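Per this note's numbering, the very first residue in the sequence shown carries number 12; after that it's consecutive.
Here a beta-carbon is modelled for each residue, glycine too, at the ideal position from N, C-alpha and C.
On a predicted model such as this, the values are computed, not experimentally measured, just so you know.
Reviewing the structure listed below.
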Amino acid sequence: MDIHEVAAERPNPYRRKVESTYEDPPWMWEAALGPGNLLFQFGLFGASELAAGPGPGSVGPSEVRHFEKQLEIAGLGKGREHDVRRVLDLGSGWGFLTGYLAERFPGARRVDSVNVSRRQLEYASAQLAGSPAADRIRLYLCDGQDIGLLPEPEALYDLVVVRGVYTHFPDEVFEASVAAVAARMRPGGLLVISDTLYKTDISRYRSPVTDTVDRLACGHRKSPAYFLSVLERSGMMLEDMRVLPGNREVIHWFGKVRANIDTRFPEGVRGPIAELREMCDSFSATLASDQASVCSVITRRAPGPGGLPPLRDRHG
């Protein structure tokens, strides 16, 4: 499957930091996150599993449950697949979610997968090439603020998914990306976001780790108020916002990842996986003190004068 490169329209000095975060070979990430489906945006766990405590194993199934819950909240539960004709997966990681979206929404004529990491896109290309939905998927090496440069601007998106992505963006890139995404969405289209937001005064927040390392390119922290203000300025209407998964579940997720890393790399590890291992401790402490949470944010593109009705009412 080809990877189409979109030339950057404006500078993003932080892009290289994000690219380097995912340069470790995919097998190392599989060792940390578990085999089967490489997803990295936390998960939902049952009461019995939480009570038993974290142990090694794949976090993938919990991640799928998390995403399905978001779709349910957005009104796109099972049986609503016909509502979606075109999909954008912004910050598509190793491509599992792109393939999942293509299968989950068989009526989508196109699923566009956008990422700045060539290594991740190359892995996605190899994994998705044999998919029954491969002919409906396009892979783009493209900065998140340059969505407006994707081909076929007249073909607007019904559904845009952005999960664990805006946490990597400096404020100015985040604002440019949201504006560009909104401009490419059909009125009434849905934007489904999962991101980490900080409840404390950002200027006063101090990580439990006292060094200045920007682990996994997550140093550009955002508050709920700022996050929502950017969405609203770009013409997005809030449908639902909630903490999801709960902090206890995210701490459990980190516990499983910690166990995976310690089991697979008993001699220690360097690079991004080492940063992830450190975050298992440091960010769990932040969550335990309720200074931050992972939030599900569902917004809808505002209709213009005489615009289309909401997505869920448009296809009968």
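Discussion item. To the nearest angstrom, how far is the alpha carbon of Gly106 from that of Phe51?
Written reply: Against the sequence shown, residue 106 aligns to sequence position 95. Against the sequence shown, residue 51 aligns to sequence position 40. C-alpha separation (whole angstroms): 11 Å.
Worksheet entry | Pro24 (DSSP reduced to helix, strand or coil) | Sequence index remark: in the sequence shown, residue 24 carries index 13 (1-based). Of the three classes helix, strand and coil, the one that applies to Pro24 here is coil, per DSSP.
Worksheet entry | 8 Å Cβ shell around Asp225 - same chain, five flanking residues per side excluded | Taking the sequence shown and counting its residues from 1, one reaches residue 225 at position 214. Caution is warranted here: a pLDDT of 48 is assigned to Asp225, below 50, making its placement in the model unreliable, and the coordinate value is therefore given only provisionally. The residues are Lys28.
Item to complete: Within 10 angstroms of the Cβ of Gly282, are there 16 or more other Cβ atoms? Answer buried if so, exposed if not.
Response: Counting from one through the sequence shown, the residue named residue 282 turns up at place 271. Within a 10 Å sphere around the beta-carbon of Gly282 sit fewer than 16 other beta-carbons, which makes this residue exposed.
Discussion item. One question on the structure: do Arg174 and Ser205 come within less than 7 Å of each other, judged by their Cβ atoms?
Written reply: Within the sequence shown, numbered from 1, the residue matching residue 174 stands at position 163. Within the sequence shown, numbered from 1, the residue matching residue 205 stands at position 194. Yes, Cβ-Cβ distance for Arg174 and Ser205 is below 7 Å.
Discussion item. To the nearest angstrom, how far is the alpha carbon of Cys306 from that of Leu82?
Written reply: Position 295 of the sequence shown, counted from the start, is the residue given in the question as residue 306. Position 71 of the sequence shown, counted from the start, is the residue given in the question as residue 82. Approximately 14 Å, taken between the alpha carbons.
Practice prompt. Look at the alpha carbon of Ala236 and the alpha carbon of Gln302, and state the distance between them as a whole number of angstroms.
Written response: What you label residue 236 is simply residue 225 of the sequence shown in a count that begins at 1. What you label residue 302 is simply residue 291 of the sequence shown in a count that begins at 1. The alpha-carbon of Ala236 is positioned some 15 Å away from that of Gln302.
Practice prompt. Please name the residue or residues paired with Met247 in a DSSP beta bridge.
Written response: Position 236 of the sequence shown, counting from 1, holds the residue named residue 247. The partner list for Met247 (beta bridge, DSSP) reads Arg312.
Item to complete: Mark Ser300 as exposed unless 16 or more other C-beta atoms lie within 10 angstroms of its C-beta, in which case mark it buried.
Response: Here residue 300 refers to the residue found at position 289 of the sequence shown. Counting the other Cβ atoms within 10 Å of the Cβ of Ser300 gives fewer than 16, which makes it exposed.
Discussion item. Please classify Gly66 as buried or exposed, where buried requires at least 16 neighbouring CB atoms within 10 angstroms.
Written reply: If you number the sequence shown from 1, residue 66 lands on position 55. It counts as exposed.
Worksheet item: Quick one: what's got a C-beta closer than 6 Å to Phe185's C-beta in the same chain, skipping five residues either side?
Response: By one-based count along the sequence shown, residue 185 stands at place 174. The residues Tyr177, in chain order, have a CB closer than 6 Å to that of Phe185 in the same chain once the five nearest residues on each side in sequence are set aside.
Worksheet entry | Candidates Ser69, Ser234, Phe180, Arg129: closest to Ala43 by CA position | Taking the sequence shown and counting its residues from 1, the one referred to as residue 43 is at position 32. Ranked by Cα distance from Ala43, the options Ser69, Ser234, Phe180, Arg129 are led by Ser69.
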